[in-house]
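Working notes, beginning with the structure itself.
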């Protein structure tokens, strides 16, 4: 796949990781692109997150290049970690002849280790040399950690008579949870749009995609989603909230596809629940209940075992803090009614088991307390998750 | 072990479970004992919980007998489940010639199945026949589900010239979490005390014991802790908050021992973290941070693997919502300093690994934001947890 017009990318090996590509570079071809980003809410945000936030502010939402490394998160590394990240930024700015505030940084990997920035600085010229429109393939590989494979998605949109593109790639496997799924995602478009417009479009899309997925309830120190617009489509820049409805839909589609792949590739995941909570008093209540189900180890292990153990699902809802009418509550697995009016429904175990054997298991809970709803995707918790996480560092 | 004076117990097989004892009976020998209880906060509280709450109110905190079954939680079973529980209560009241409001019920097991009360009613006469002071042994076995083994604890206290006893037994393995650890615990004493005094003593003890343990973050529909005082010690009834300091200490000791055993036996648990958060702005902040660590799947799998992966611990604190001074935060594994002033400390991996190889791993986090602290016990998450829970019902 090629990037939208105006973007080049590459992926190379810098030596931070022992054997795999670990350095991705994205460059806005002519000059800096307008951009907007969303970052982790974790209080221990990593050095690259802090530097990128500050840079976006200083540049007024302009990004010339993105430098991403895997193998080291450079999080909770104190002033030394910040200095290491700043040296990478300076080297990239020198090579691309732009101000350091137009360099956007992202890192993923082990926490608590200072970035070995000399390796990255030494590899950057090679990364610049290899830049190409098709470099998204190498870049999408270089940012992976425990991911099963690369995650790339694209969509098209019409803006007047022009046909534009949105292309994104992401990584993320562990530490995935709402309010910045722990992951990195980079989304590019050839559309012209103001930074403020991009910010609104990105927030709107992330709210029901990246912020509605859960692998293990943990959120990372490094989560970052970046949206960049090269403007090469030549359209009148999108700026008012009502502008570019098709464009916003394309951004949403790309984010949704990447979010789905992140959950599907959740560390050791075998199945994904699509949890819809409806009949909630408020949207907040719906999200509380959906997230309680999404993060319950008892529900997630039952899902891994293909066991339609609905008692665990209702127990999770019951402790979630959401308002519930215990006499009106209902529960479905796909088309199979399990609970009606707060009491067991005489379903056939075989029917429920068939739904729980699917790759994607739809769970619908009606709280009987109102009209609001929310949907969350969550992976299961099986032996592979434990195997991957019990000795990640070794 | 014998029960405190004034109590008899038994444990028999009713047939709710296929092969194991599943019915425990505790009887206050002469007439009803003063009592106090704490129940689950889960919105889907089970039929026996609802009936026992109402009975305690009606009897003014008096309990003649406790009927406990394993194998069926009788939770989320609608009016039919309530009627089944009421029939068990009526049968026990008839056999013991007391009002139904003096019968306390508790159930544990699968959710969503109506209690097969005929089996329990048929077995009750045998349970009454077998009552004895040493029956706590059989009773403590009959209430188990996925527990590794029975949990019994005792302590003594002085009240004036008299020496009294506190004896308790408990069950609980999965669905253990603060705010009513999912479990059942029955604590008996020969002391004389008013129901109000007992309630205060129980709340005080539970707050830092049963409500400070976590196996999987789920809370059950059936959690119950009951404290009963037969008064056979012959002391002036304890009634003022300052009364019986030694007695309250004994209740705390018994609760603490039972809570520890519940976590140690946590489903598939290999290790237990003793998480102490200090330097918090408020006690609520300290608990938020401690619970985030206690329930993080990433921390729990690292613990199972004996991996001192402190990045995951700080990441959990960072998303907990607790106020943190990121520049002053510190972290220790037992005596080994891992993080100081928000940056990695040059510890020897070997030293940290040795602490993480223990059965009980002390983790101390200093948030650098105040003077408050909290301690929580939590089990790890290994393959045995997944194996136990992926097919619990089969």
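Chains as they are written, first to last, in the working numbering: chain A, 1 to 394; chain B, 1 to 394.
Note that CB positions come from ideal geometry on N, CA and C, so glycine has one too.
Legend entry - Secondary structure of residue 179(B), DSSP reduced to three states: With a pLDDT of 42 at residue 179(B), under the threshold of 50, the modelled position of that residue is not reliable, and no figure is offered here.
Inset, instruction - Just mark residue 94(B) as buried or exposed, buried being the case when its beta carbon has 16 or more other beta carbons within 10 Å. - result: Label assigned to residue 94(B): exposed.
Inset, instruction - With a 10 Å radius around its C-beta and 16 neighbouring C-beta atoms as the bar for buried, classify residue 352(A) as buried or exposed. - result: buried
Inset, instruction - On a CA-only basis, which of 128(A), 76(A) and 135(A) is nearest residue 395(A)? Give me that one, please. - result: No answer is possible for residue 395(A): the residues shown for chain A start at 1 and end at 394.
Legend entry - Within-7 Å CB hit, residue 74(B) to chain A: no
Legend entry - C-beta neighbour in chain B for residue 382(A), strict 7 Å: The C-beta of residue 382(A) comes closer than 7 Å to at least one C-beta of chain B.
Legend entry - Supposed contact pair residue 23(A) and residue 142(A) - C-beta distance, whole angstroms, cut 8 Å: 6 Å
Inset, instruction - Could I get the ranges of all uninterrupted beta strand (DSSP E) runs contained in the stretch 315–390 of chain A, with 3 residues as the minimum, in chain order? - result: 330–333, 336–340, 360–366 and 372–379
Inset, instruction - Output the distance between the C-alpha atoms of residue 383(A) and residue 314(B), rounded to the nearest integer angstrom. - result: 25 Å
Inset, instruction - Determine, using beta carbons only, whether residue 247(A) comes closer than 7 Å to chain B. - result: no
Legend entry - DSSP bridge partner residues for residue 49(A) (one or two, in chain order): In DSSP, residue 49(A) forms no bridge with anything.
Inset, instruction - Please name the residue, chosen from 125(A), 140(A) and 168(A), that lies closest to residue 11(A) on a Cα-to-Cα basis. - result: With distances taken between Cα atoms, residue 11(A) lies closest to 140(A).
Legend entry - Buried or exposed (CB count within 10 angstroms, at least 16 for buried), residue 234(B): exposed
Inset, instruction - Closer than 6 Å by C-beta to residue 4(A): which residues in its own chain qualify, once you throw out the five before and the five after it? Chain order, please. - result: 165, 167, 188, 189 and 190
Legend entry - Collapsed DSSP secondary structure at residue 157(A) in the structure displayed: strand
Legend entry - Alpha carbon of residue 150(A) to alpha carbon of residue 184(A), nearest angstrom: 12 Å
Legend entry - residue 269(B): contacting residues in chain A (beta-carbon distance under 8 Å): Per Cβ cutoff of 8 Å: no residues; residue 269(B) is ~12 Å from chain A at best.
Legend entry - Residue range of the unbroken beta strand (DSSP E) whose run includes residue 108(B): 103–110
Inset, instruction - Assuming residue 334(A) and residue 355(A) form a contact by the criterion Cβ under 8 Å, report the distance between their Cβ atoms to the nearest whole angstrom. - result: 4 Å
Inset, instruction - Determine the chain A residues that contact residue 290(B) at a beta-carbon separation under 9 Å, and present them in chain order. - result: Residues of chain A passing the Cβ test: none, with the nearest at roughly 15 Å.
Legend entry - Short CB-CB distance (under 7 Å) between residue 170(A) and chain B: no
Legend entry - is_contact[residue 311(A), chain B] using C-beta, thresh 7 Å: yes
Legend entry - is_contact[residue 42(B), chain A] using C-beta, thresh 7 Å: Yes, because at least one Cβ of chain A sits closer than 7 Å to the Cβ of residue 42(B).
Legend entry - Exposure label - residue 60(B); buried when at least 16 CB within 10 Å: exposed
Legend entry - Member of 297(A), 269(A), 203(A) and 369(A) whose CA lies at the smallest distance from the CA of residue 282(A): Per the Cα distances, 369(A).
Inset, instruction - Please list the partners that residue 78(A) has in chain B, where partner means a Cβ-to-Cβ separation under 9 Å. - result: 327, 341, 342, 343 and 344
Legend entry - Members of the stretch 363–379 of chain A that neighbour chain B once the beta carbon cut-off is set at 7 Å: none
Inset, instruction - Please state if the CB of residue 358(B) and the CB of residue 342(B) are separated by a distance shorter than 7 Å. - result: no
Inset, instruction - Kindly indicate if chain B contains any beta-carbon less than 7 Å away from that of residue 407(A). - result: Nothing about residue 407(A) can be read from this structure; chain A reaches only from 1 to 394.
Inset, instruction - Check whether the Cβ of residue 221(A) lies closer than 7 Å to any Cβ atom in chain B. - result: Yes - at least one Cβ of chain B is within 7 Å of the one on residue 221(A).
Legend entry - Contact under 7 Å by Cβ, residue 212(B) with residue 376(B): yes
Legend entry - Straight-line Cα distance separating residue 106(B) from residue 86(B): When rounded, the distance between both Cα atoms is 12 Å.
Inset, instruction - Would you decide whether residue 181(B) is buried or exposed? Buried here means 16 or more other CB atoms lie within 10 Å of its CB. - result: Reliability fails at residue 181(B), whose pLDDT of 41 lies under 50, so the model's placement of it is uncertain and no value is given.
Legend entry - Separation of residue 170(B) from residue 112(A), as counted between CA atoms: 41 Å
Inset, instruction - List the residues that DSSP assigns as beta-bridge partners of residue 213(A). - result: 377(A)
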